[in-house]
Amino acid sequence: MTDDDDIIKQTTKLLVVGNTLQRKFSYCCREVKMELFRSHYYSIYCNSLWSRFRVATLNRLKVCHNDILKRLLGLPRWCSSSLAFARNGVNSLDVDPLTLRVQFKE
1 MTDDDDIIKQ TTKLLVVGNT LQRKFSYCCR EVKMELFRSH YYSIYCNSLW SRFRVATLNR
61 LKVCHNDILK RLLGLPRWCS SSLAFARNGV NSLDVDPLTL RVQFKE
């Protein structure tokens, strides 16, 4: 039994919500967009509980997460994702799993 089905479900949800945010809030300021991004996407940070999955499935989720942030901010696809996350004070999916896994075990 793997967590791939749950990761695929989260990826689909991520894309749907991302497209909705981009369409409805495209004229809002950056601060509002970042608050919306945080409120909708921090729910997938429960990924520290995923233990059995294919790396390709998780990488697809990370790519979608990065693309949504860049599209929401109007950045080109070739722009650095880590720089976009750092400049806007948002944790990426690469940072949080280890931190949350350690906190969960304590």
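The UniProt record's numbering numbers the first residue of the sequence shown as 1 and each following residue consecutively. By construction, the Cβ of each residue, glycine as well, lies at the ideal position given by its N, Cα and C atoms.
In the DSSP assignment, R77 falls outside any alpha helix (DSSP H), carrying neither H nor E. Two segments are said to touch when three or more pairs of C-beta atoms, one from each, lie closer than 8 angstroms; by this definition the stretch 15–23 touches the stretch 63–75.
Three or more beta-carbon pairs drawn from the stretch 58–67 and the stretch 8–16 are found closer than 8 angstroms, and the two stretches are therefore classed as touching. Only residues of its own chain outside the window of five on either side were considered, and among them T2 and D3 have a CB closer than 6 angstroms to the CB of R52, listed in chain order. Here the alpha carbon of L49 sits roughly 30 angstroms from the alpha carbon of E31.
For T20, the enclosing alpha helix (DSSP H) stretches over residues D4 to K24.
One alpha carbon belongs to C28, the other to D5, and they sit about 34 angstroms apart. Taking a C-beta distance under 8 angstroms as the contact criterion, S80 and S92 do not qualify as a contact pair. Here Y41 is buried: its Cβ has 16 or more other Cβ atoms, across all protein chains shown, within 10 Å.
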